[in-house]
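Student:
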Amino acid sequence: MAGFKLLLSQSRRLSLPHFSSSRFLSLHRSLSSSSSDSQSLPIQPVSYAPKPKDPPQPDQTLQSTPPEEGTRSTLSREDLRYVKDVPNISPISYPTRVAPLPEDRVGEARDQESEEMARESRKFQAESRAWRTPFRVAAEEEKVVIPFPMLIMPEKKNEKRPVLDLMDAIREVKGNAKANFDETVEAHVRLGIDQKRSELIVRGTMALPHGAKKEVKVAVFAEGADADDARAAGADIVGGVDLIEEIASTGKVDYDRCFSTHSFMKRLYKISKILNQHGLMPNPKQGTVTKDVTKAVKEAKQGQVKFRMDKTSIVHVGIGKVSLSEEFLRDNVGAFMNSLLLAKPAGLKKTSKYAGYVNCFHICSTMGPGFRVSIQSLSRAADHYSKVYLNA
70 MAGFKLLLSQ
80 SRRLSLPHFS
90 SSRFLSLHRS
100 LSSSSSDSQS
110 LPIQPVSYAP
120 KPKDPPQPDQ
130 TLQSTPPEEG
140 TRSTLSREDL
150 RYVKDVPNIS
160 PISYPTRVAP
170 LPEDRVGEAR
180 DQESEEMARE
190 SRKFQAESRA
200 WRTPFRVAAE
210 EEKVVIPFPM
220 LIMPEKKNEK
230 RPVLDLMDAI
240 REVKGNAKAN
250 FDETVEAHVR
260 LGIDQKRSEL
270 IVRGTMALPH
280 GAKKEVKVAV
290 FAEGADADDA
300 RAAGADIVGG
310 VDLIEEIAST
320 GKVDYDRCFS
330 THSFMKRLYK
340 ISKILNQHGL
350 MPNPKQGTVT
360 KDVTKAVKEA
370 KQGQVKFRMD
380 KTSIVHVGIG
390 KVSLSEEFLR
400 DNVGAFMNSL
410 LLAKPAGLKK
420 TSKYAGYVNC
430 FHICSTMGPG
440 FRVSIQSLSR
450 AADHYSKVYL
460 NA
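Here this note's numbering runs 69 ahead of the position in the sequence shown, where the first position is 1.
1. I need the straight-line Cα distance from GLN194 to ARG188, nearest angstrom please.
2. Please work out which residues of its chain come closer than 6 Å, Cβ to Cβ, to ALA276, disregarding the five sequence neighbours upstream and downstream, and give them in chain order.
3. LYS456 to ALA365, Cα distance in whole Å?
4. What does a CB cutoff of less than 6 Å around GLU147 pick up in its chain, not counting 5 residues either side in sequence?
5. Straight-line CA distance for GLY387 to ASP400?
6. Taking LYS339 as the reference, give the member of SER318, CYS327, ASN352, PHE328 with the closest Cα.
7. Can you tell me where the alpha helix (DSSP H) with LYS422 in it begins and where it stops?
8. Put HIS279 into one of helix, strand or coil per three-state DSSP.
9. Per DSSP, which residues does THR330 bridge with? Please list them.
10. Residues in the same chain with beta-carbon distance under 7 Å from PRO23, minus the five sequence neighbours each way, listed in chain order, please.
11. Any C-beta of chain C sitting closer than 8 Å to the C-beta of LEU77?
12. Would PRO351 be called buried (16 or more neighbouring beta carbons within 10 Å of its own) or exposed?
13. Buried or exposed, going by whether 16 or more other CB atoms sit within 10 Å of the CB of VAL271?
14. In chain order, which continuous runs of the beta strand (DSSP E) of length 3 or greater are located wholly inside the region 335-372?
15. Is the region 286-297 in contact with the region 407-416, if contact means three or more CB pairs nearer than 8 Å?
16. Would you tell me roughly how many angstroms separate the C-alpha atoms of HIS257 and VAL384, rounded to the nearest one?
17. Just to confirm the assignment: which complete beta strand (DSSP E) runs, minimum length 3, are found wholly within the region 378-452?
Written out as structure tokens, the structure reads:
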């Protein structure tokens, strides 16, 4: 709008300098559409009261200054009406600021580092005190003296018991058997065999020369002359294929020992499951598969005892009653040691007769303590048994 007014003022000054108002009015009347002549209205001047100026404020320090004259001279009279008096902007100077150099910050960095170090040291000391507290309490508890009477039992030292002779050990067992029944004298032998090696398992049977005679039912699988020898030796049941069919059909086994000849073993696989359930399957390692049927039946009738190594390489066996005499118990121990030597595995190398095979030997009663027996006395008992009972 201001530009339009400026353009209009310039056109008036340049194009129509002598153009009068009367001519302009006559031209206006000729161009108007109204035909009636109307009298011109008189123009009455109107005056307005001047606008009062605002009183200057006391806090206003800056005073308006007229614009530069060079700028005003270039403007016309009409243009000056639209130009406001704007105060000149005087430059304001501020104090210069200089960035601090690294040398100026050395002192501040040292102060910050010292504060951080002090904070870390306090934290470390607090943690160390927290860790030392339980140890300090434990140390104080250890220093506490228990008043009399002391409730802590003194430690018992494992004193090694002396190794006794066989006869002395038998006397100790008989003296410590205080139960109200006839206790059994037991022998426990620890062998020097690795239990993981299944081919070195020790098992066998023995006939005790003295002891309570128990009636044993013996069955023999044989035919022909071997069957006649078994009957003559006192076997309770003797049979061949007919006995196998009977056991397979009924599944009943009513005897204590079972023997077989080598030629008859192939036929026993038909009833092997039934015999294994009762522990009666003939086995060459146990001496139940034999050629001399007469001897096997007579030994079984005398009361043979089975023994077998357990998972801890220990053999447990009963060798008589406490009521037997010391000499009878010695003979039974000799019979057991003789059978144990006969059952020694062939794959056990780097061992002598006893060393490396029999590590230790203990005897005890059913309810009494155990006593260790020397290997030398066991060897003498085995030699005495072989001379008196085997070579007689």
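We treat Cβ as the ideally placed atom computed from N, Cα and C, and that holds for glycine. Model, not experiment: these values are computed from the prediction.
Tutor: To lay it out plainly:
1. 10 Å
2. GLU368, GLN371, GLN373
3. If I take the Cα positions, the gap works out to 20 Å.
4. SER78
5. 13 Å
6. When C-alpha distances from LYS339 are compared across SER318, CYS327, ASN352, PHE328, the shortest belongs to SER318.
7. Taken as a continuous stretch (DSSP letters only), LYS422 belongs to no alpha helix (DSSP H), as it is neither H nor E.
8. Coil at HIS279, not helix or strand.
9. In the DSSP output, where bridge partners are listed per residue, THR330 has none listed.
10. The chain is shown only over 70 to 461; residue 23 falls outside these bounds and no answer can be derived.
11. The chain labelled as chain C is not found in the depicted structure, where only one protein chain is given.
12. buried
13. Classification of VAL271: buried, given that the 10 Å Cβ count is 16 or more.
14. none
15. no
16. 6 Å
17. 383-390, 427-433, 439-442
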